[in-house]
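The sequence shown lines up with residues 1 to 179 when you count with the UniProt record's numbering.
Backbone N, C-alpha and C define an ideal beta-carbon position, used for all residues, glycine too.
Following: one structure in structure tokens, then a few remarks.
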Amino acid sequence: MKALKSYTIPFVGLKEGMHHFDFQIDNTFFQHFEYDEFNAIDVKIDLEFEKKSTLLELYFSAKGSVNVNCDISNEPYNQAINDDFKLVVKFGNEYNDENEDILIVQHGEYEINIAQYIYELIILAVPIKRIHPGIEDGSLQTDILSKLEELSPSEDHKVKSSEDIDPRWNNLKKLLTDK
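Here it is, written out as structure tokens:
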């Protein structure tokens, strides 16, 4: 985890007030987490770090794109990422990260590592079902989609006439009308 040291912010030396940090996220960042569902990543994280006398407020903003495979056609495409996250860091007797919006660190801590929060922000910004934009507008032409169309049930459902119905059913219909 020494490679993620660049995502550690030593807040003890910072003056009270607003501070800005920028991080450029690429594939090497996700290799440290052993996450390989992205083909390519180009996301910029803007962090507004506000130091107050009793707590810290962190405002994360992620903008960029990740290249992922479509869940339907398995074709790669660029998925736009645009998400925000606010984290409040308080000081207490023991470390506690059970609440997703509030982090409690022990008194005497002098730095905070934000790599896990950046990781979760990007992962959660990607939709659960990833659909290529070409599928939604009908412009994508692949072998997989043509095979899916070939195997899908036809929409020309033939309406059965009374001649096509099994005569045994006609006898049962009489029971309904013979009341």
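{"Query": "With 16 other CB atoms within 10 Å as the buried threshold, where does VAL12 fall?", "Result": "exposed"}
{"Query": "Is ASN113 near THR8, with beta carbons less than 8 Å apart?", "Result": "yes"}
{"Query": "Name the residue from LEU172, GLN116, ILE104 whose alpha carbon lies nearest to the alpha carbon of LYS85.", "Result": "Residue identity check: residue 85 is Phe in the sequence provided, not Lys. Among LEU172, GLN116, ILE104, the Cα nearest to that of PHE85 belongs to GLN116."}
{"Query": "Going by C-alpha to C-alpha distance, which of GLN24, TYR77, ASP36, LEU140 sits closest to PHE60?", "Result": "GLN24"}
{"Query": "So, does the stretch 28–39 touch the stretch 66–74, judging by three or more C-beta pairs under 8 Å?", "Result": "yes"}
{"Query": "Which runs of the alpha helix (DSSP H) fall wholly inside the stretch 90–135 and span at least 4 residues, in chain order?", "Result": "115–125"}
{"Query": "What does the Cβ neighbour count give for TYR77, buried or exposed, with the cut at 16 atoms within 10 Å?", "Result": "buried"}
{"Query": "Looking at the unbroken beta strand (DSSP E) that takes in ASN69, where does it start and where does it end?", "Result": "55–69"}
{"Query": "DSSP three-state label for GLN24, please.", "Result": "strand"}
{"Query": "Ends of the beta strand (DSSP E) at LEU47?", "Result": "40–51"}
{"Query": "Give me the Cα-Cα distance between LEU175 and LEU151, rounded to the nearest whole angstrom.", "Result": "39 Å"}
{"Query": "Which of helix, strand or coil does DSSP assign to THR177?", "Result": "helix"}
{"Query": "Could you give the first and the last residue of the continuous beta strand (DSSP E) run that contains PRO10?", "Result": "8–10"}
{"Query": "Taking DSSP's pairing of strands, which residues face ASN78 in a bridge?", "Result": "ASN67"}
{"Query": "Excluding the 5 residues preceding and the 5 following TYR119 in the sequence, name in chain order all residues of the same chain whose CB lies nearer than 7 Å to its CB.", "Result": "PHE33"}
{"Query": "Classify GLY64: buried if its beta carbon has 16 or more other beta carbons within 10 angstroms, exposed otherwise.", "Result": "buried"}
{"Query": "With a threshold of 8 Å on Cβ separation, who are the neighbours of GLU50 within its own chain once the five nearest residues in sequence on each side are excluded?", "Result": "GLY17, MET18, HIS19, LEU56, GLU57, LEU58, TYR59"}
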